[in-house]
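Next comes the structure, spelled out in structure tokens:
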């Protein structure tokens with residue numbers, strides 16, 4: 001049995017099922033990160049003292065990662081735009097760049113984490129580091145998830161382009177929505193943890 | 197056939213317009229990132245620093261949501277879902293504020 005409304009628009013919602021599905025999922029993600037942000041605020045305002053992020057964390061590395069993630073958001077949306085223009089070769093270039101930039105983000109994060117561990121700074125060291133590792137760790141898992149889906153559309157999942165290009169384009173748009181959300185979360189995490 | 201051809205070129209022009217917007221938004225996001233970091237070096241009082249940092253982050257987030265996620269021209273149902281999400285999100289973030297101000301529900 002075929003999955004309904006992957007290409008054609010449902011009359012009652014005005015959307016494909018995939019589109020409404022990904023937005024409902026993102027709504028749940030807002031609440032997930034919202035709960036952790038609320039925890040951060042609660043812990044911070046309740047603490048007798050709280051360190052400025054830049055006294056413990058590496059701001060230049062995080063700034064570089066912010067630039068990397070924003071650039072990956074642009075390559076992601078350009079990948080979708082390439083499919084809309086029926087340029088599959090260009091899509092592969094942009095999608096490849098998106099996955100690569102995600103990998104660069106993870107490598108920088110790896111160096112950040114290992115440097116902290118080397119200095120004896122762990123999640124159990126203090127509340128600041130506990131919330132830092134929890135929030136950035138969860139975000140990093142999202143980057144990995146997004147990369148896995150994007151790599152699938154770059155590799156085996158791309159077969160769908162030959163048989164049903166509209167469905168494939170819709171799928172890439174939905175994975176893009178997730179990727180932009182991951183970027184959006186980082187836009188708030190960066191100043192909150194590193195600069196304040 | 198002529199109509200089909202015209203529709204295709206309209207579509208291509210529409211995508212080209214989108215691409216120009218994406219590039220503009222990208223430049224704006226880069227500038228705002230530099231502003232975010234630069235402001236942190238001013239060592240403003242904490243209330244001002246939080247306000248400015250969150251304001252710039254909100255502008256950046258809105259640009260990503262409106263243009264990369266196409267929320268600027270989305271269907272009503274998506275707006276309805278997001279409106280509901282915002283209500284719950286604000287309620288969630290209000291809980292620490294109520295606790296901190298020793299408000300109605302939690303007493304020390």
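Protein chains in written order, with the working numbering: chain P, 1 to 196; chain H, 197 to 304. Built from N, CA and C at the ideal position, the CB exists for glycine as well.
Item, Value
"Per-residue burial, residue 87 of chain P [other beta carbons within 10 Å of its own, 16 or more giving buried]", "exposed"
"Endpoints, alpha helix (DSSP H) assigned at residue 94 of chain P", "88-118"
"Rounded straight-line distance, which links the Cα of residue 143 of chain P to that of residue 156 of chain P", "20 angstroms"
"Under the three-state DSSP convention, the category residue 197 of chain H falls into", "Note that residue 197 of chain H scores 45 on pLDDT, short of 50, meaning its location in the model is unreliable and no value can be drawn from it."
"Contact belief for residue 228 of chain H with residue 256 of chain H at Cβ below 8 angstroms, rounded distance in angstroms", "5 angstroms"
"Given residue 50 of chain P as reference, the closest of P:14, P:132 and P:30 once Cα atoms are compared", "P:132"
"Within-8 angstroms CB hit, residue 199 of chain P to chain H", "The question about residue 199 of chain P has no answer, for chain P in this structure spans 1 to 196."
"Residue 290 of chain H classed as buried or exposed, judged by whether at least 16 other C-beta atoms fall within 10 angstroms", "exposed"
"Below-8 angstroms beta-carbon distance, residue 197 of chain H vs any chain P residue", "Residue placement at residue 197 of chain H is flagged as unreliable, the pLDDT there being 45, under the threshold of 50; a coordinate-derived value is accordingly withheld."
"Cβ-Cβ distance between residue 108 of chain P and residue 76 of chain P below 8 angstroms", "no"
"Neighbouring residues, chain P, relative to residue 274 of chain H (Cβ below 8 angstroms)", "15, 19, 20 and 23"
"Straight-line gap, residue 136 of chain P to residue 153 of chain P (C-alpha atoms, nearest Å)", "26 angstroms"
"Short CB-CB distance (under 8 angstroms) between residue 238 of chain H and chain P", "no"
"Whole beta strand (DSSP E) elements within the stretch 145-196 of chain P, 3-residue minimum", "none"
"Test: residue 191 of chain P CB closer than 8 angstroms to a CB of chain H", "yes"
"Interface partners of residue 295 of chain H on chain P, CB under 9 angstroms", "42, 45 and 46"
"Interface flag, residue 183 of chain P vs chain H, CB-CB below 8 angstroms", "yes"
"Beta-carbon neighbours of residue 261 of chain H, restricted to chain P and to distances below 9 angstroms", "180, 181 and 184"
"Minimum Cβ-Cβ distance from residue 292 of chain H to chain P less than 8 angstroms", "yes"
"Per-residue contacts from residue 225 of chain H into chain P (C-beta, under 7 angstroms)", "70"
"CB contact below 8 angstroms: residue 208 of chain H versus chain P", "yes"
"Of the residues P:98, P:140 and P:74, the one placed nearest residue 112 of chain P, counting alpha carbons only", "P:140"
"CA-to-CA distance, residue 258 of chain H to residue 243 of chain H, given in whole angstroms", "22 angstroms"
"Spatial distance of residue 285 of chain H from residue 161 of chain P (CA atoms)", "38 angstroms"
"Listed by chain order, chain H residues near residue 85 of chain P by CB distance under 7 angstroms", "208 and 211"
"8 angstroms Cβ cutoff met for residue 273 of chain H and residue 67 of chain P", "no"
"Range covered by the alpha helix (DSSP H) that runs through residue 126 of chain P", "No alpha helix (DSSP H) contains residue 126 of chain P, which DSSP labels as neither H nor E."
"Straight-line Cα distance separating residue 134 of chain P from residue 13 of chain P", "37 angstroms"
"Close-in-space but distant-in-sequence residues of the same chain around residue 84 of chain P (CB under 7 angstroms, 5 per side omitted)", "169"
"Minimum Cβ-Cβ distance from residue 279 of chain H to chain P less than 8 angstroms", "no"
"Cutoff 8 angstroms: residue 175 of chain P Cβ touching any chain H Cβ", "no"
"Distance between residue 208 of chain H and residue 251 of chain P (C-alpha atoms, nearest Å)", "The structure shown does not extend to residue 251 of chain P, since chain P is modelled only from 1 through 196, so no value can be given for it."
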